[in-house]
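Read top to bottom, the protein sequences are chains L and G.
Oh and the first sequence: position 283 is 283 in the working numbering, straight run, nothing missing.
Oh and the second sequence: position 278 is 278 in the working numbering, straight run, nothing missing.
For each residue, glycine too, the CB sits at the ideal point set by N, CA and C.
Nothing here was measured: the structure is a model prediction, and the numbers come from that model.
See structure below.
There are 2 protein chains.
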Amino acid sequence: MKLGQIGEFGLIDRLKERVFRPDKKVVTGIGDDAAAFRVSSRELLLVTTDVLVERVHFDRRIHSFWQIGWRAMVANVSDIAAMGGLPRYALVSICLPETMSVEAVEQLYEGMQIAADEYHLQIIGGDTVSSLRDMAVSIVLCGQVEEKSLVTRGGAQAGDLICVTGELGGSQAGLAMLQLMSSKRKGDVLPLPVEKWSAVRDRHLQPRARLREARLLAKGGVVNAMIDVSDGLAGEVGHIAEESSVGAEIKEAQIPIGSETRRIARHLGVPVLDLALCGGEDFELVFTIPAADAHRTAEQIIGETGTAVSIIGKVLPAEDGVVLVSPRGKRRPMLTEGYRHF
Amino acid sequence: MKLGQIGEFGLIDRLKERVFRPDKKVVTGIGDDAAAFRVSSRELLLVTTDVLVERVHFDRRIHSFWQIGWRAMVANVSDIAAMGGLPRYALVSICLPETMSVEAVEQLYEGMQIAADEYHLQIIGGDTVSSLRDMAVSIVLCGQVEEKSLVTRGGAQAGDLICVTGELGGSQAGLAMLQLMSSKRKGDVLPLPVEKWSAVRDRHLQPRARLREARLLAKGGVVNAMIDVSDGLAGEVGHIAEESSVGAEIKEAQIPIGSETRRIARHLGVPVLDLALCGGEDFELVFTIPAADAHRTAEQIIGETGTAVSIIGKVLPAEDGVVLVSPRGKRRPMLTEGYRHF
Numbered sequence: 001m002k003l004g005q006i007g008e009f010g011l012i013d014r015l016k017e018r019v020f021r022p023d024k025k026v027v028t029g030i031g032d033d034a035a036a037f038r039v040s041s042r043e044l045l046l047v048t049t050d051v052l053v054e055r056v057h058f059d060r061r062i063h064s065f066w067q068i069g070w071r072a073m074v075a076n077v078s079d080i081a082a083m084g085g086l087p088r089y090a091l092v093s094i095c096l097p098e099t100m101s102v103e104a105v106e107q108l109y110e111g112m113q114i115a116a117d118e119y120h121l122q123i124i125g126g127d128t129v130s131s132l133r134d135m136a137v138s139i140v141l142c143g144q145v146e147e148k149s150l151v152t153r154g155g156a157q158a159g160d161l162i163c164v165t166g167e168l169g170g171s172q173a174g175l176a177m178l179q180l181m182s183s184k185r186k187g188d189v190l191p192l193p194v195e196k197w198s199a200v201r202d203r204h205l206q207p208r209a210r211l212r213e214a215r216l217l218a219k220g221g222v223v224n225a226m227i228d229v230s231d232g233l234a235g236e237v238g239h240i241a242e243e244s245s246v247g248a249e250i251k252e253a254q255i256p257i258g259s260e261t262r263r264i265a266r267h268l269g270v271p272v273l274d275l276a277l278c279g280g281e282d283f284e285l286v287f288t289i290p291a292a293d294a295h296r297t298a299e300q301i302i303g304e305t306g307t308a309v310s311i312i313g314k315v316l317p318a319e320d321g322v323v324l325v326s327p328r329g330k331r332r333p334m335l336t337e338g339y340r341h342f
Numbered sequence: 001m002k003l004g005q006i007g008e009f010g011l012i013d014r015l016k017e018r019v020f021r022p023d024k025k026v027v028t029g030i031g032d033d034a035a036a037f038r039v040s041s042r043e044l045l046l047v048t049t050d051v052l053v054e055r056v057h058f059d060r061r062i063h064s065f066w067q068i069g070w071r072a073m074v075a076n077v078s079d080i081a082a083m084g085g086l087p088r089y090a091l092v093s094i095c096l097p098e099t100m101s102v103e104a105v106e107q108l109y110e111g112m113q114i115a116a117d118e119y120h121l122q123i124i125g126g127d128t129v130s131s132l133r134d135m136a137v138s139i140v141l142c143g144q145v146e147e148k149s150l151v152t153r154g155g156a157q158a159g160d161l162i163c164v165t166g167e168l169g170g171s172q173a174g175l176a177m178l179q180l181m182s183s184k185r186k187g188d189v190l191p192l193p194v195e196k197w198s199a200v201r202d203r204h205l206q207p208r209a210r211l212r213e214a215r216l217l218a219k220g221g222v223v224n225a226m227i228d229v230s231d232g233l234a235g236e237v238g239h240i241a242e243e244s245s246v247g248a249e250i251k252e253a254q255i256p257i258g259s260e261t262r263r264i265a266r267h268l269g270v271p272v273l274d275l276a277l278c279g280g281e282d283f284e285l286v287f288t289i290p291a292a293d294a295h296r297t298a299e300q301i302i303g304e305t306g307t308a309v310s311i312i313g314k315v316l317p318a319e320d321g322v323v324l325v326s327p328r329g330k331r332r333p334m335l336t337e338g339y340r341h342f
């Protein structure tokens, strides 16, 4: 059987049964944004790792080396944030073809270093190996979280409201426009002037992690489950549903989508909802919270950080499944596959 | 400037100056087998990562998937051992082409899992991403060490004796024979029957980490510096010399080399010393120890583990450089580049 037939999540399910058998010190293992284990009486260590592969996750025609470095670091910070933790120490491994210039590698590291400064973490080590063709960047990020502040994907309760920070689909919209630009032939006219989509371009090229928002949510103590949007809203809600053994309904009309993203969807002729549901790398937070606390928490987040929080749906019992509700109230199953690697 | 011109270690030196600025909680950062930082009053967390890339670090014609998994895990265990620590939790990231079979991936994980059981650690998470052609395996291994038992590359003192566990060059000798076998055409005669080199074949295909020996050494409290042999003895002694700001002399005649390795070197027409000095992946330990403690420590290690310890040289003041001493007493500089990735 080829990997293409069972997919990434099918593979992970098979491996979970056979390989992963965590002990009592392991608080969360495979199947969350980061692994968490106990290192002292009150603190947990968080460890996450992401591998970015050239031509799969980035494209040198679109992303500068600086941006590749920045994006790789932010993706990991976002994973630690989604667990309620603070990022602390990073190890960076890079596979490089020997034809690459030293200056390019330094720009890559500079992007990572500026992101590290921004999120108050340190790059303390790593590994550099040669590759024959494609470049790959792997970051291991260690973080810390007080045991009582840990938030996993697995704590959602039926009746919780489902919330999301900021806006969705922007990164995917920006990427689509950048791809259009890079494949544009000389003389082609680009009908949408760049000032009409510069916000989503920047959002794609230099995303931000919702670290402050996540810490406020985690320390507030009322969030039951949280995840960051790296593979699209549908997939992330699916992960929460699976890990929490619950169902969920998401109201299409409540999904926060910016005006630039809507304009680009029209321009490209794609349903704008697809960008939000399936477009990855927005790095917003999706979280569930008891209904009684939702409005107060949303106000606190916007008051302290300026970041909007939208209530987009509700956690249901598992037997109700994961559904999308149209503006007219029509219900349909939400495809929760996320970005498929195979 | 291309990477090929400055090499891996030149690149790391440049990056050290520009990127890595560790704080007080970081006990060792880049430039050791693992990074170490404080997580409680007496304990340090160790984190190491290694990326193995197809066609650079392994070859599917020579290594089974099971062996690729085993070797990747053992290489990381060896790094934690060399710091004096115990491996605890691993995260595994794999880049896979979608044409790979599910069974192959499961064998790969099984190799890692059996190694994990052997060294009493747990695989708790990771990431699976697609690659377009080559496979890559990246393992992050977290370990723990009491602060007083930590051993780095940086503590060697002039006058220390330099010791090594087991025998060197065997893994490289085994690999050379395996490569010869895999390129053999039908009808070619392999002049050396496999029973004459099966020990080094196994040594290459299923290496072991010197975890027990390293822990005994670290807890004994007399070892000043330690490193594992992943890139050849010359390179590892060079790392200790650089990080400790010392020189060293290695007596050629004292380097422990097994009879199979000597036979293969003759058979292949290569100097046997090259296999020991430049051949990687033996995963033996090189350590320095005050002269007064060396013999007692060597006896303790062999008594408790059955593993021989050879005294192969002496730590010198930095101005004496790093030299090899021939059986007739002739001194020449030792090339300490190790395996060059670029």
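Find the residues of chain L that neighbour residue i, judging by a C-beta separation of less than 7 Å, and give them in chain order.
i: C278 (chain G); result: In chain order: nothing, as chain L lies at least about 17 Å away.
i: D127 (chain G); result: T49, D50 and V51
i: S40 (chain G); result: V39 and S40
Rounded to a whole number of angstroms, what is the C-alpha to C-alpha distance between residue i and residue j?
i: A116 (chain L); j: I123 (chain L); result: 7 Å
i: V309 (chain G); j: V77 (chain G); result: 20 Å
i: V223 (chain L); j: A276 (chain L); result: 23 Å
i: L168 (chain L); j: G7 (chain L); result: 25 Å
i: T152 (chain G); j: I227 (chain G); result: 7 Å
i: A292 (chain L); j: L316 (chain L); result: 16 Å
i: I302 (chain G); j: V286 (chain G); result: 15 Å
i: M73 (chain L); j: S138 (chain L); result: 9 Å
Using a C-beta to C-beta distance shorter than 9 Å, which residues of chain L count as neighbours of residue i?
i: T336 (chain G); result: Correct list: empty, because the minimum Cβ distance to chain L is about 18 Å.
What residue from the options has the CA that sits closest to residue i's CA?
i: F283 (chain G); options: G:I264, G:I94 and G:Q206; result: G:Q206
i: R88 (chain L); options: L:K330, L:L11 and L:G143; result: L:G143
i: K2 (chain G); options: L:E103, L:R296 and L:L15; result: L:E103
i: P290 (chain L); options: L:G169, L:C95 and L:Q157; result: L:Q157
i: L216 (chain L); options: L:V51, L:G306 and L:L324; result: L:G306
i: G10 (chain L); options: G:M73, G:I6, G:T128 and G:R133; result: G:T128
i: G111 (chain L); options: L:G125, L:Q67, L:G166 and L:G221; result: L:Q67
i: G336 (chain G); options: G:A294, G:E236, G:L86 and G:I250; result: The displayed chain sequence assigns Thr, not Gly, to residue 336 (chain G). Closest by alpha carbon: G:E236.
i: D320 (chain G); options: G:I139, G:I250, G:R210 and G:I264; result: G:I250
i: L161 (chain L); options: L:T288, L:V325 and L:A173; result: L:T288
i: A253 (chain L); options: L:F58, L:V137, L:W70 and L:R331; result: L:R331
i: G174 (chain L); options: L:E304, L:S183, L:A36 and L:V200; result: L:V200
i: V322 (chain L); options: L:R61, L:G221 and L:A241; result: L:A241
i: P191 (chain L); options: L:H267, L:S326, L:E304 and L:V272; result: L:H267
i: L273 (chain G); options: G:P327, G:K196, G:E213 and G:R133; result: G:P327
List the residues of chain L that residue i touches, going by C-beta distances under 8 Å, in chain order.
i: A115 (chain G); result: Ordered by position in chain L, no residue passes the 8 Å Cβ test against A115 (chain G), which lies about 12 Å from the chain.
i: M100 (chain G); result: K2 and L3
i: S244 (chain G); result: In chain order: nothing, as chain L lies at least about 18 Å away.
i: V26 (chain G); result: Y89, Q122 and I124
i: V140 (chain G); result: V47, T49, L91 and V140
i: F65 (chain G); result: Those do not exist, as F65 (chain G) stays about 13 Å from chain L at its closest Cβ, beyond 8 Å.
i: L44 (chain G); result: The contacting residues do not exist; L44 (chain G) stays about 10 Å from chain L at best.
Taking residue i as part of the beta strand (DSSP E), name the residues at either end of that continuous run.
i: Y89 (chain L); result: L86 to L96
i: G143 (chain G); result: A136 to E146
i: T305 (chain G); result: Segment A291 to T305 is the alpha helix (DSSP H) holding T305 (chain G); no beta strand (DSSP E) there.
i: E43 (chain L); result: E43 to V53
i: D127 (chain G); result: Q122 to S130
i: I162 (chain L); result: L161 to T165
So with CB distances below 9 Å, who are the chain G contacts of residue i?
i: T152 (chain L); result: Chain G residues near T152 (chain L): none, gap ~12 Å exceeds 9 Å.
Considering residue i, what are the terminal residues of the alpha helix (DSSP H) in which it resides?
i: G73 (chain L); result: A quick correction: the sequence has Met, not Gly, at residue 73 (chain L). Element bounds for M73 (chain L): F65 to A82.
i: I114 (chain G); result: V102 to E118
i: K219 (chain G); result: L211 to G220
i: L277 (chain L); result: V272 to C278
i: R263 (chain G); result: S259 to L268
i: V26 (chain G); result: From DSSP, V26 (chain G) is part of no alpha helix (DSSP H) but of the beta strand (DSSP E) over V26 to T28.
Check the Cβ of residue i against every Cβ in chain G and list those closer than 7 Å, keeping chain order.
i: I6 (chain L); result: V102
i: A318 (chain L); result: What A318 (chain L) touches in chain G: nothing, since even the nearest Cβ is about 24 Å away.
i: S131 (chain L); result: V53 and V56
i: V270 (chain L); result: Going along chain G, no residue has its Cβ under 7 Å from V270 (chain L), so there is no contact; the nearest lies around 23 Å.
Just to make sure I have the definition right: I need the residues of chain C whose C-beta is within less than 9 Å of the C-beta of residue i. Which are they?
i: L108 (chain L); result: Judged by its chain identifiers, the structure shown contains no chain C, and its protein chains are L and G.
Check your understanding: For the region 87 to 99 of chain L, which residues have a beta carbon sitting closer than 9 Å to at least one beta carbon of chain G?
Key -> R88, Y89, L91, V92, S93, I94, C95, L96, P97, E98 and T99
Exercise for review: Using a Cβ-Cβ cut-off of less than 8 Å, give me the residues of the region 163 to 175 of chain G that come near chain L, in sequence order.
Suggested key: none
**Study point:** the region 177 to 209 of chain L: positions lying closer than 7 Å to chain G by Cβ
**Key:** none
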